[in-house]
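Its first residue numbered -15, the sequence shown is counted upward by one per residue in this note's numbering. No residue lacks a Cβ here, since even glycine has one placed at the ideal position from N, Cα and C. Just so we're clear, the structure is a prediction, and the values are computed from it rather than from any experiment.
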Amino acid sequence: MKSRIINNKHACVVLLCTLVLAYSYICMSKNGFSASMVFIVNEGILTKLETGTITAVFYVAYAVLQIVGGVFTDKWHPERFITIGLLGAAASNIVIYFNQSYPIMLISWTLNACLQFAVWPATFKIVSTLLRSDMQEFSLFTVTFGNPIGAVLGYILAAIVGAQWRMNFLVSAVGLAAIAVLWEIVVRSVKPYIEEIQIPSPEKSHTNRSSSREFIKLALKSGIILLLILSFTRTMFDLGLKAMAPTMINESYDSVNAVFATVMSIIVLVSGAVGPVISHLIYPKILRNEAVIITLFFLISTPLTSAMLLLGEVHYLVIVTLLALVVMLMSAASLFTTSYIAARFNPCGKGATVAGALNCTASFGVVAANTLFTGIADSFGWHGTIISWVIIMIISLVISASHIPIWTKFLKSR
């Protein structure tokens, strides 16, 4: 089996920096409606549910195509899919800047998702196989910051433009187009350093494991179904709490206006960027079992989520702190559910496929957060929403704990 790799360190560093910039910015643009929700709702353009529905439909299309994106990037050059995603996102954002009709925004944002179908699998493939082997673990860790950094930038931009929320989409469009040009320039400049190498044949015990049947057996042996569920619920809390924090604080405390609520929610978003650092400190120096670490994060998050039932009775800073801690822990878990666990499947040539599958269920988690959570908030208020969070957190903890012996056995068999 042949593989492509860049052995020149300088070329690897330039490509990695540009990729992190591109991925972070495209993550920022994906938060356009979530970050602007409080302003859109206050202006009366859309309801919470309608705004959440636009984001939800985006992630339905995005999720369905993630597995396809993973398969494509395992077979073809992943760099091309980054450019497609950047230009597609730029076009969708510019349409929304000029037209705020609900159907037009819904269609445009759905097309945006379709054109980004391979962005994450391609990003994962590049950092885990194309870069030098001595840089791959660091690169996997670094690129994980793209999502939280993008979210922070998105909400900072939303707070700056305030009621002029349409500017959020214009800035995203211009930036995405510019980064697409930069990405193409960098890819062409490092192309001479890309070498095609022959990967040694797998050991006898793993012969033909790259076939579909062997891969399915390997996936079942690793308990990947449980991992997909955890990827789903983890993302519900990570992105769901980030998206709903400003509106929840604004509607629960009379002393907090929309702009200040958005500024306060930036604390929650910044905590998400801290999460991967915590994971990096724990793994592999203290704990080497990914399933154990994920369970630990859900275990700590459960009582913190339960304490949010004090919403409205305690100072809003207490609630913001609780939200920040849960988002930090869920973001910390993402290093395993999006990168490190998928990298375990690179030896059989299915790393991007697994990354796409995990990102698929994670995307459905965003859908659930923007439909289920917003629907509960509209119908039963914020306390009803928090009760649903506690129930889902407990279920996730049970599933995560059940996965430990399965994953441990899988690691020992490697």
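Between which residues of its own chain and residue i is the CB-CB distance below 8 Å, once the five residues before and five after are set aside?
i, result
"residue -12", "61, 113, 114, 178, 179, 180, 181"
"residue 260", "125, 128, 129, 132, 315, 316, 318, 319"
"residue 189", "At residue 189, the pLDDT of 44 sits below 50, so the modelled position is not reliable; the number obtained from the coordinates is stated separately. Excluding sequence neighbours, residue 189 sits near nothing in its chain."
"residue 137", "8, 9, 12"
"residue 324", "124, 267, 274"
Skipping 5 residues on each side, what residues in its chain have a beta carbon closer than 7 Å to that of residue i?
i, result
"residue 295", "236, 303, 366, 367, 370"
"residue -6", "none"
"residue 145", "151, 152"
"residue 216", "345, 346, 348, 349"
"residue 271", "277"
"residue 165", "none"
Could you have a look at residue i and say whether DSSP puts it in helix, strand or coil?
i, result
"residue 168", "helix"
"residue 398", "coil"
"residue 315", "helix"
"residue 179", "strand"
"residue 272", "coil"
"residue 189", "Caution applies to residue 189, whose pLDDT of 44 falls short of 50 and renders its modelled position unreliable; the value that the coordinates give is listed next. Looking at residue 189 - three-state DSSP - the assignment turns out to be helix."
"residue 76", "helix"
"residue -12", "strand"
"residue 353", "helix"
"residue 83", "coil"
"residue -6", "helix"
"residue 121", "helix"
"residue 393", "helix"
"residue 290", "helix"
"residue 343", "helix"
"residue 298", "coil"
"residue 128", "coil"
"residue 334", "coil"
"residue 104", "helix"
"residue 149", "coil"
"residue 367", "helix"
"residue 373", "helix"
"residue 241", "coil"
"residue 61", "coil"
"residue 329", "coil"
"residue 115", "coil"
"residue 267", "coil"
Near residue i, which residues of its chain fall below 6 Å by C-beta distance, leaving aside the five closest residues on each side in sequence?
i, result
"residue 31", "none"
"residue 404", "Nothing about residue 404 can be read from this structure; the chain reaches only from -15 to 398."
"residue 341", "51"
"residue 97", "42, 45, 46"
"residue 20", "142, 149, 152"
"residue 0", "123"
"residue 361", "369"
"residue 17", "35, 38, 39"
"residue 159", "9"
"residue -8", "177"
Check this for me: beta carbons of residue i and residue j, under 8 Å apart or not?
i, j, result
"residue 249", "residue 139", "yes"
"residue 66", "residue 106", "yes"
"residue 38", "residue 119", "no"
"residue 57", "residue 336", "yes"
"residue 72", "residue 102", "no"
"residue 161", "residue 252", "no"
"residue 70", "residue 163", "yes"
"residue 240", "residue 233", "yes"
"residue 40", "residue 273", "no"
"residue 220", "residue 286", "no"
"residue 135", "residue 269", "no"
"residue 245", "residue 22", "yes"
"residue 255", "residue 277", "no"
"residue 143", "residue 247", "yes"
"residue 399", "residue -4", "Look at the range of the chain in this structure, -15 to 398, and you will see that residue 399 is not part of it."
"residue 388", "residue 275", "yes"
"residue 222", "residue 155", "no"
"residue 381", "residue 280", "no"
"residue 104", "residue 343", "yes"
"residue 334", "residue 199", "yes"
"residue 213", "residue 383", "yes"
"residue 29", "residue 63", "no"
Counting only beta-carbon atoms, is residue i nearer than 8 Å to chain D?
i, result
"residue 365", "Of the protein chains in this structure there is only one, and it is not chain D."
I want to check one thing, is the minimum distance from the CB of residue i to the heavy atoms of the ligand GTP below 7 Å?
i, result
"residue 30", "In terms of ligand content, the structure shown is empty, and the ligand GTP therefore cannot be addressed."
Task: In chain order, each alpha helix (DSSP H) run of at least 4 residues that lies wholly inside the segment 0 to 45 - done: 16 to 27
Open item on the list: If we require 4 or more residues per run, which alpha helix (DSSP H) segments fall completely within the segment 197 to 239?
Closed with: 208 to 236
Open item on the list: Any contact between the segment 199 to 207 and the segment 4 to 15? By contact I mean 3 or more CB pairs, one from each, below 8 Å.
Closed with: no
Open item on the list: Would you call the segment 343 to 356 in contact with the segment 286 to 301, where contact means no fewer than 3 C-beta pairs closer than 8 Å?
Closed with: When C-beta atoms of the segment 343 to 356 are compared with those of the segment 286 to 301, fewer than three pairs fall below 8 Å, so the two segments do not count as touching.
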